[in-house]
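Novice:
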Amino acid sequence: MKFDWIKFLQFQNMLIPLWETIYMVFISTIIALIIGLPIGILLVTSDEKGVKPNKTIHKLLDMIIVNITRSIPFIILMVLLIPLSRLLVHKSYGSIAFIIPLSLGSAPFVARIIEGALKEVNEGLIEASKSMGATASEIIFKVMIPEAMPALVHGMTLTLISLIGYSAMAGSIGGGGLGNAAVIDGYQRSKPEIMWQATIVIIVLVQIIQFIGNSIVKILMNKRKRV
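In UniProt numbering, the protein residues as written are 1 to 227.
1) Measuring CA to CA, which of Ala107, Glu147, Ile202 and Leu125 is closest to Gly171?
2) So the alpha helix (DSSP H) His58 belongs to, where does it begin and stop?
3) If I follow the unbroken alpha helix (DSSP H) through Glu115, where does it start and stop?
4) With distances taken between CB atoms, is the gap from Ser167 to Met24 smaller than 7 Å?
5) Is Met144 helix, strand or coil by DSSP?
6) On the three-pair Cβ rule with 8 Å, is the segment 36–48 touching the segment 190–201?
7) With a threshold of 16 other CB atoms inside 10 Å of the CB of Ile72, please say whether the residue is buried or exposed.
8) Using three-state DSSP, classify Asn122 as helix, strand or coil.
9) Taking the alpha-carbon of Val217 as reference, which of Ile22, Ile76 and His154 has the nearest alpha-carbon?
10) If contact is defined by three or more beta carbon pairs under 8 Å, each pair taking one atom from either stretch, is the segment 143–161 in contact with the segment 109–118?
11) My understanding is that Val121 touches Gly40, with C-beta atoms under 8 Å, so please give their C-beta distance in whole angstroms.
12) What does a CB cutoff of less than 6 Å around Tyr93 pick up in its chain, not counting 5 residues either side in sequence?
13) Taking 8 Å as the cut-off, does the segment 82–93 touch the segment 12–19 (at least 3 CB pairs, one atom from each stretch)?
14) DSSP three-state label for Ile96, please.
15) Hey, Ile18 and Ser106 are a contact pair by Cβ (cut 8 Å); roughly how many whole angstroms apart?
16) Taking its Cβ as the centre, do 16 or more other Cβ atoms sit within 10 Å of Ala32, making it buried, or is it exposed?
17) Could you check whether Ser95 and Gly177 sit closer than 7 Å to each other, using their CB atoms as the reference points?
18) Thinking C-alpha only, which one of Ile219, Pro108 and Ile139 is nearest Glu123?
19) In whole angstroms, give me the CA-to-CA distance for Arg224 and Leu61.
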């Protein structure tokens, strides 16, 4: 494959794929958070050491919803959910259609991140809140979530970065975005400059998200130290 340096330097060609990737990733993250947040909270509260232990609910969420869904490789999950995309948005290709598998595929991951972050909260704070008569919802939303915020932000940063990788996979099977540019427009059409352009843009995008996430975590930690 001949490398065209002139085309390689024309990064404006990546603006539309970049926008499609950003659109897919951020909308999918919001939907995954809407689904995963209550599941993550329920996993913590229904645990045997939680504020509202419930063995049945915990097993149902832990084994059936989270573990089984996370066990399915994402590339297979995307294909399995194509009929659902076609049903909901009347399309089985493009960035809008692939928001559905991206969201549903990452929701269990988000649930686990939230569960892990909330379980890191000092048990002494929870017990103190209980002794002062705080309700379960007050303990969750006024104690656990604020205390776990740095870990939650760090986890959501990882989610965004993971979804960029997932969106690249989606692009390789018709999902649009930078993955489509790299695999379909670049590799399959023998245009290595486009493939490398898309790869560089993905690397830069990941670094920006990681920097922003780390900065927010640092601000939250410094604020906590001052308090």
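Glycine is no exception: its CB is placed at the ideal position from the N, C-alpha and C atoms.
This one's a predicted model, so the numbers in the text were calculated from it and none came from an experiment.
Specialist: This is what the structure gives:
1) Position 171 of the sequence shown, counted from the start, is the residue given in the question as residue 171. Just measuring C-alpha positions, the residue of Ala107, Glu147, Ile202 and Leu125 sitting nearest Gly171 is Ile202.
2) One-based indexing of the sequence shown puts residue 58 at position 58. Counting along the chain, the alpha helix (DSSP H) containing His58 begins and ends at Lys55 to Lys59.
3) For the purposes of this step, residue 115 is taken as residue 115 along the sequence shown, with counting starting at 1. Counting along the chain, the unbroken alpha helix (DSSP H) around Glu115 starts and ends at Ile99 to Lys119.
4) Numbered from its first residue, the sequence shown carries residue 167 at position 167. Numbered from its first residue, the sequence shown carries residue 24 at position 24. Contact flag set, yes.
5) Position 144 of the sequence shown, counted from the start, is the residue given in the question as residue 144. Of the three classes helix, strand and coil, the one that applies to Met144 here is helix, per DSSP.
6) Two segments are said to touch when three or more pairs of C-beta atoms, one from each, lie closer than 8 Å; by this definition the segment 36–48 does not touch the segment 190–201.
7) Here residue 72 refers to the residue found at position 72 when the sequence shown is read from its first residue. The residue is exposed, with fewer than 16 neighbouring Cβ atoms inside 10 Å.
8) Here the question's residue 122 lines up with position 122 in the sequence shown. Coil at Asn122, not helix or strand.
9) Reading the sequence shown from its first residue, position 217 is the one you call residue 217. Nearest option by C-alpha distance: His154.
10) These segments touch.
11) Position 121 of the sequence shown holds residue 121. Position 40 of the sequence shown holds residue 40. Rounded, the Cβ-Cβ distance is 13 Å, inconsistent with contact.
12) Here residue 93 refers to the residue found at position 93 of the sequence shown. Gly174, listed in sequence order.
13) They do not touch, by the three-pair rule.
14) Taking the first residue of the sequence shown as 1, we reach residue 96 at position 96. Taken through DSSP and simplified to helix, strand or coil, Ile96 comes out as coil.
15) Translated into the one-based positions of the sequence shown, residue 18 becomes position 18. Translated into the one-based positions of the sequence shown, residue 106 becomes position 106. At residue 18 the sequence reads Leu, which differs from the Ile that was named. Their Cβ separation, rounded to whole angstroms, is 20 Å, which puts Leu18 and Ser106 out of contact at 8 Å.
16) Counting from one through the sequence shown, the residue named residue 32 turns up at place 32. The residue is buried, with at least 16 neighbouring Cβ atoms inside 10 Å.
17) Within the sequence shown, numbered from 1, the residue matching residue 177 stands at position 177. Within the sequence shown, numbered from 1, the residue matching residue 95 stands at position 95. In this structure, the beta-carbon distance from Gly177 to Ser95 falls below 7 Å.
18) Here residue 123 corresponds to residue number 123 of the sequence shown, with the count starting at 1. Nearest of Ile219, Pro108 and Ile139 to Glu123, Cα basis: Ile139.
19) As a first step, residue 224 must be located in the sequence shown, where it is residue number 224. As a first step, residue 61 must be located in the sequence shown, where it is residue number 61. In this structure, the alpha-carbon of Arg224 lies about 32 Å from that of Leu61.
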